[in-house]
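Below: one structure, written as C-alpha cells.
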Amino acid sequence: MTIAAILRTKGGEVVSITAEQTVGDAVALLAERRVGAVPVMAGDAVVGIFSERDVIHAIAAHGSAAMTRSVGDTMTAPPITVAPGEAVIGALSLMTRRRIRHLPVVDQGRVVGFVSIGDLVKYRIDKIEADAEAMRSYIQSA
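394 is the number of the first residue of the sequence shown in this note's numbering; add one for each residue after it.
Below, the structure written as C-alpha cells:
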C-alpha cells in the first residue's frame, strides 16, 4: 500500500496558493474548496504548507490585520513531503510523529498530489474491511 495507490483513487489534483497572496485569499480558497490546507508553491516547487492552524496563529498574533499579511509570512515551512512510493503506514507514522495532517506528494521535484491524514486513514480502513471480507468468504467456502 503506497501513497501512489491513494492518488489513483483520490486523483492528483492539487489546489495551491503562492507565498505572495494574502492570508485572506488563502482563507477564501480553503473555504471555497472545503479543505484544511494547501501547499504553497513557487513555480513547480512546494515551499510551505498553509493550513487552518496557520490562520489561527496569524489571527492570534496580528488580529484582523492578519488577513492582509502574506501567506509567506504565515505558512509552515519548510514543508514535509512524501514520495509516491512511500508506504501508507510510513506516511501515517510520519504524520503522527510530526503532528501534521497534510503532506504534499513530490516526485522528482514536482508536486503530484496532496494527501491528508483522513485520506490515509480511509484507505487503511477500506483495505482492512476488504481483507476481512475476503477472509469471511474464504472461511465460508471451505
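Backbone N, C-alpha and C define an ideal beta-carbon position, used for all residues, glycine too.
On a predicted model such as this, the values are computed, not experimentally measured, just so you know.
If you draw a 10 Å sphere on the C-beta of I449, you find fewer than 16 other C-beta atoms in it, and that means exposed.
Proximity to V433 across I473, H455, L485 and A398 peaks at I473, based on C-alpha coordinates. Here T415 is near R462, since their CB atoms are less than 8 Å apart.
Around the Cβ of D466, a 10 Å sphere holds fewer than 16 other Cβ atoms; the residue is exposed. If you ignore the 5 residues before and after G429, its C-beta comes within less than 8 Å of the C-beta of L423, S444, E445, R494, H495 and S509, all in its own chain and listed in chain order.
Taking 8 Å as the cut-off, the beta carbon of A476 is found closer than this to the beta carbon of V499. Of the candidates A419, A480, A458 and I452, A480 places its Cα closest to the Cα of Y516.
With respect to A438, G511 sits apart: the two C-beta atoms are not nearer than 8 Å. The C-alpha of M468 lies about 6 Å from the C-alpha of I442.
In this structure, G478 sits away from T402, with a CB-CB distance that is not shorter than 8 Å. Apart from the 5 residues on each side of it in sequence, V408 sits with its Cβ closer than 8 Å to the Cβ of L422, R426, V428, V431 and F507 in its chain, given in chain order. In this structure, the beta-carbon distance from L513 to A535 does not fall below 8 Å. Short of 7 Å from the beta carbon of G417, and not among the five residues preceding or following it, lie these beta carbons of its own chain, in chain order: M460 and T461. In its chain, beyond the 5 residues on either side, V416, A459, R462 and T467 have a beta carbon closer than 7 Å to the beta carbon of A451.
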